[in-house]
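**Student:** Position 63, counted from 1, in the sequence shown is what my numbering calls 63; the numbers after and before it change by one each time, with no gaps.
Glycine residues also receive a C-beta, built at the ideal position from the N, C-alpha and C atoms.
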Amino acid sequence: NNIDDKLKPCPFCGGKGKQTTKKGRIYSFVKCTNCGAETGLISVSAEYCSDEKAIKTWNTRFEVKT
């Protein structure tokens, strides 16, 4: 099971998200392969897995009340 299969579509364009690491796995983030939207850099922590935290951040959606 691929880690990218856990990602919801991009909230802006519906494109596919891609989980990525940076600087030798010190940071993790998710970026849309279509429009380039991305989460902020999430640093490795003893409290959580940065890859899982990046996925959770990407998958968070805010409900807009009208």
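Go ahead and pull the three-state DSSP assignment for I26.
**Tutor:** Within the sequence shown, residue 26 is the residue found at index 26, counting from 1. Correct three-state label for I26: coil.
**Student:** Tell me which residues share the same chain as C35 and place their Cβ nearer than 8 Å to its Cβ, disregarding the 5 neighbours each side in the sequence.
**Tutor:** Along the sequence shown, read from residue 1 onward, the residue named residue 35 stands at position 35. These residues qualify, in order along the chain: C10, F12, C13 and G15.
**Student:** DSSP has I42 in a bridge; who is on the other side?
**Tutor:** Along the sequence shown, one-based indexing puts residue 42 at 42. Paired residues: S28.
**Student:** Just tell me which of Q19, R25, T33 and K56 has its CA closest to the CA of V44.
**Tutor:** For the purposes of this step, residue 44 is taken as residue 44 along the sequence shown, with counting starting at 1. Of the candidates Q19, R25, T33 and K56, the one whose C-alpha sits nearest the C-alpha of V44 is R25.
**Student:** Since T20 sits in a beta bridge, which residues does DSSP pair it with?
**Tutor:** One-based indexing of the sequence shown puts residue 20 at position 20. Looking at the DSSP assignment, T20 forms a beta bridge with F29.
**Student:** List the endpoints of the continuous alpha helix (DSSP H) containing N59.
**Tutor:** Stepping through the sequence shown from its first residue, residue 59 is reached at position 59. Counting along the chain, the alpha helix (DSSP H) containing N59 begins and ends at S50 to N59.
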